[in-house]
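Q:
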Amino acid sequence: MLVELVRLLRGYVVFEARGKFTERLLNITSQRGIALWNAMPQPGVLTGAMSASEYRRIRPVAAKAKVRLRIKQKRGFPFFVIKYKPRVGIPIGGVLGLALMLFLSNFIWTVNISGAEHISNTEVVDALEENGVRIGAYKGSVDPAAVKRDLLLKIDGLGWMSLNLTGSTAQVELKEMTDRPKTGSTLVPCNIKAAKDGVITKVNAKTGTSVVKKGSGVTKGELLVSGVVPSENGINSYLHADAEVYADVISKLEIKIPKSHEYYFLTENYIDRRRLCLFGVELPFSASFRSFENSAFYQRSKSLCINNTSLPLGIKTQTECEAVLLDSSCDKAKAEKICANELAIYEAFKTGGSITDRKIKMTEDKNSFCFEADYILNENIAQSVDFSVTE
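In the working numbering, the protein residues as written are -13 to 377.
(1) Go ahead and pull the three-state DSSP assignment for C263.
(2) Following the continuous alpha helix (DSSP H) through N107, name the residue where it begins and the one where it ends.
(3) Using CA coordinates, which residue listed in N92, F373, R54 is at the minimum distance from G153?
(4) Expressed to the nearest angstrom, what Euclidean distance is found between the alpha-carbon atoms of E377 and F335?
(5) Using a Cβ-Cβ cutoff of less than 6 angstroms, which residues in the same chain neighbour S237 once the five nearest sequence positions on both sides are dropped?
(6) Determine the contact status of C307 and Y256, defining contact as a CB-CB distance below 9 angstroms.
(7) In this structure, how does DSSP classify A326 when only helix, strand and coil are distinguished?
(8) Return helix, strand or coil for L22, following the three-state DSSP convention.
(9) Leaving out five residues on either side along the sequence, give the residues of the same chain with a beta carbon under 7 angstroms from the beta carbon of K288.
(10) Around the Cβ of Y(-2), are there at least 16 other Cβ atoms within 10 angstroms (buried) or fewer (exposed)?
(11) To the nearest angstrom, report how far apart T33 and I76 are at their CA atoms.
(12) In the DSSP assignment, what residue or residues form a beta bridge with L146?
(13) Skipping 5 residues on each side, what residues in its chain have a beta carbon closer than 7 angstroms to that of L290?
(14) Is it the case that the region 77 to 89 contacts the region 221 to 228, given that we only count it when at least three CB pairs across the two stretches are under 8 angstroms?
(15) By alpha-carbon positions, which one of S212, R61, V110, R54 ends up nearest to Q369?
(16) Compute the Euclidean distance between the alpha carbons of C176 and T187, then round it to the nearest angstrom.
(17) Give the straight-line distance between the Cα atoms of S127 and W146, rounded to the nearest whole angstrom.
(18) In chain order, which continuous runs of the beta strand (DSSP E) of length 3 or greater are located wholly inside the region 278 to 311?
(19) Who are N364's beta bridge partners in DSSP?
(20) Please confirm if the region 114 to 129 is in contact with the region 91 to 106, defined as three or more CB-CB distances below 8 angstroms between the two stretches.
(21) Going by Cα to Cα distance, which pick from E358, T164, E(-10) is closest to R344?
(22) Report the three-state DSSP secondary structure of T15 (helix, strand or coil).
(23) Just how far apart, CA to CA, sit V235 and L329?
(24) What did DSSP end up calling K134 once you bin it into helix, strand or coil?
(25) Where do the ends of the alpha helix (DSSP H) carrying A49 lie?
(26) For R135 and S100, what's the separation of their Cα atoms in angstroms?
(27) When you compare the CB positions of A38 and G62, do they come within less than 9 angstroms of one another, or not?
(28) Excluding the five sequence neighbours on either side, which residues of its own chain have a C-beta within less than 6 angstroms of the C-beta of V(-8), listed in chain order?
(29) Could you spell out where the alpha helix (DSSP H) holding G30 opens and where it closes?
(30) Return helix, strand or coil for Y332, following the three-state DSSP convention.
(31) Would you say V189 and L209 are within 9 angstroms of each other, going by their C-beta atoms?
(32) Bridge partners for Y124 per DSSP, in chain order?
(33) Skipping 5 residues on each side, what residues in its chain have a beta carbon closer than 6 angstroms to that of M348?
(34) Considering only residues of the same chain and omitting the five flanking positions on each side of F283, which have a CB-CB separation below 8 angstroms?
(35) Nearest to R(-4) by CA position, among V67, K352, E2, F7, is which residue?
(36) Give the C-beta separation of L149 and V174 to the nearest angstrom, bearing in mind that I take them to be a contact with Cβ-Cβ under 8 angstroms.
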């Protein structure tokens, strides 16, 4: 491979030799130390290859030996230069193109982000741009360690990240923070106390001594199951109390619905403004001077991809949607429907236990409808509270 490369750089010719004694050419090249390769002798004909400079040396000698030489092919860099010498723009363009490629390789043209499932991709992009990681940024001005520290401090829920600058691509890998599993040591003594006020309906003490019974009224912080177990010899043992204590607790919810309110409604009228993004520079190619009095904006980008590689060429489209301010009035029937929806959401997601009773009271004033919902919920109010044996 290396020998072939050297031959191409020096330039060589593939020739044909004809005569009665073509084998004389082999003797001449051997005597003069001239490299000849791919020699294929046939009756009256010999084909082979040698460097262009040595071919010029051998021609006069071959003529004296009555051997006629004819070049069949010219290969290598010197012949390429001679061929395109009149077209000076081609070599100049090649050199300038190579220089341009080397220059552009010092900049970031693609930013790939992976691993963001629950974290907003827009938030990550904004944080990266604040730290200089953007299309068209000079790679030498980017400190991956500083970018990593800043993003871990700014973005909630981000547990780990890495920034790798490979060629003209900034590869950003993210890992979101996971909740640490709750682990409690059963060796630490603790009591079970009430997390809320209520009336006991069920006590299931797995370890420890229950100090309340069904039907007992308790207040928040009151002892329910003790981790101190006395023995007959007067020596107390200390346990990690574990129990489920259910009680009926009171919960209240107030919902206020205004009789009249204003809101913005997005119509079907919109304006698209497009920009060509080329090497980090945005060039508008669709002009629109019309605008709306109230608007909402959203933006989307699309880059050119070749072999799953994003190129620094794409289109960014900004859409302006018309927003109209409307006035909505609410009567009693509509307010009751809204309240029913709010209560359904509260009961499905906010209540901590089963509902045993519910009472709703509605009042009305000049500006709004007020609803008060009183619930009785059956919840597990057991709360573990550690204590020190030395106390």
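Note that CB positions come from ideal geometry on N, CA and C, so glycine has one too.
A: Result, derived from the coordinates:
(1) strand
(2) 107 to 116
(3) N92
(4) Residue placement at E377 is flagged as unreliable, the pLDDT there being 49, under the threshold of 50; the coordinate-derived value follows with that caveat. Going from the Cα of E377 to the Cα of F335 covers about 41 angstroms.
(5) Y361, L363
(6) yes
(7) helix
(8) coil
(9) G300, I301
(10) buried
(11) 33 angstroms
(12) Just to set this straight, residue 146 is Trp in the shown sequence, not Leu. Paired residue(s): K161.
(13) L297, L299, G300
(14) no
(15) S212
(16) 22 angstroms
(17) 22 angstroms
(18) 281 to 292
(19) D234, S340
(20) yes
(21) E358
(22) helix
(23) 18 angstroms
(24) helix
(25) 38 to 50
(26) 18 angstroms
(27) yes
(28) none
(29) Segment: none, G30 is in no alpha helix (DSSP H) and carries neither H nor E.
(30) helix
(31) no
(32) F93
(33) F357
(34) Q304, T305, E306, C307
(35) V67
(36) In fact, because the Cβ distance is near 42 angstroms, the residues do not count as touching under 8 angstroms.
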